[in-house]
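S.K.:
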Amino acid sequence: MTLLQFSDKPGTRHQVQLRAGAVRVDDADVQVVQPSTGNFMAVLDGRPQRLRAVAHGDTVYVQLRGRAWQVNRVDPTRAAASGRGAGEGASHAPMPGVVVSVLVAAGQVVARNDALMVIESMKLQMTISADFDGTVSELPLAAGQTFQRGGMLVRVQKLEDKLQDEQAKSKTGENA
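Note that the sequence shown covers residues 17 to 192 in our numbering.
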């Protein structure tokens, strides 16, 4: 059995089990039909869905229903012990690629799940979305620029963090 793991929003983790050609996501069986190089048909909730998957080392990048996920191989003995941080708001590149389009500007207020940019890696386009409501605080890349694995793509500052920063600055200004 191969155990994989992915997160579709901050603080969540989903387990993917691969065993003798069968796929199970959390507690749901997924029927995979017509596999070809990187392209699959999967039956989800009784409906056929087209998906694309690209493997890179111990990571598989999956695109389904216009969204992309990074699925990582997990050591089952360590899966329960691993924890994920709350997230600092920075989105990092899962693998080398190029920025296809930037959909926001620095200083722009965004809502959770808003599309921030589209990137392409290994011919797979992925939309980078906001994990929470906030303000785009850093946007170091423009369309057409390349990036390396782990490079920062965009940073969003949580709205409550920004309000706290502004309040602290105003208090400092008042006391000066």
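In this text, a Cβ means the ideal position worked out from N, Cα and C, and glycines have one as well. Please read these numbers as outputs of a predicted model, since none were measured by experiment.
For A159 and V116, what's the separation of their Cα atoms in angstroms?
M.R.: Whole-angstrom Cα-Cα distance: 5 Å.
S.K.: How would you call T162, buried or exposed, if buried means at least 16 neighbouring beta carbons within 10 angstroms?
M.R.: Per the 10 Å Cβ criterion, exposed.
S.K.: Give the C-beta separation of A84 and R165 to the nearest angstrom, bearing in mind that I take them to be a contact with Cβ-Cβ under 8 Å.
M.R.: So it is not a contact: roughly 15 Å between Cβ atoms.
S.K.: At the level of alpha carbons, what is the spacing between T93 and R171?
M.R.: At T93 the pLDDT is 39, less than 50, meaning the model places this residue with poor confidence; the figure from the coordinates comes in the next sentence. Each residue's alpha carbon lies about 33 Å from the other.
S.K.: Tell me the residue span of the beta strand (DSSP E) that contains V70.
M.R.: R63 to H72 is the span of the beta strand (DSSP E), which, as asked, contains V70.
S.K.: Return the first residue and the last residue of the beta strand (DSSP E) that L119 is part of.
M.R.: L119 -> no beta strand (DSSP E), and no H or E assigned at all.
S.K.: Once the 5 residues before and after N129 are set aside, which same chain residues still bring their CB inside 6 Å of it?
M.R.: Counting only Cβ-Cβ distances below 6 Å, and skipping sequence neighbours, we find S145.
S.K.: Among S107, R66, V118 and F148, whose alpha-carbon lies nearest the alpha-carbon of V126?
M.R.: Nearest option by C-alpha distance: F148.
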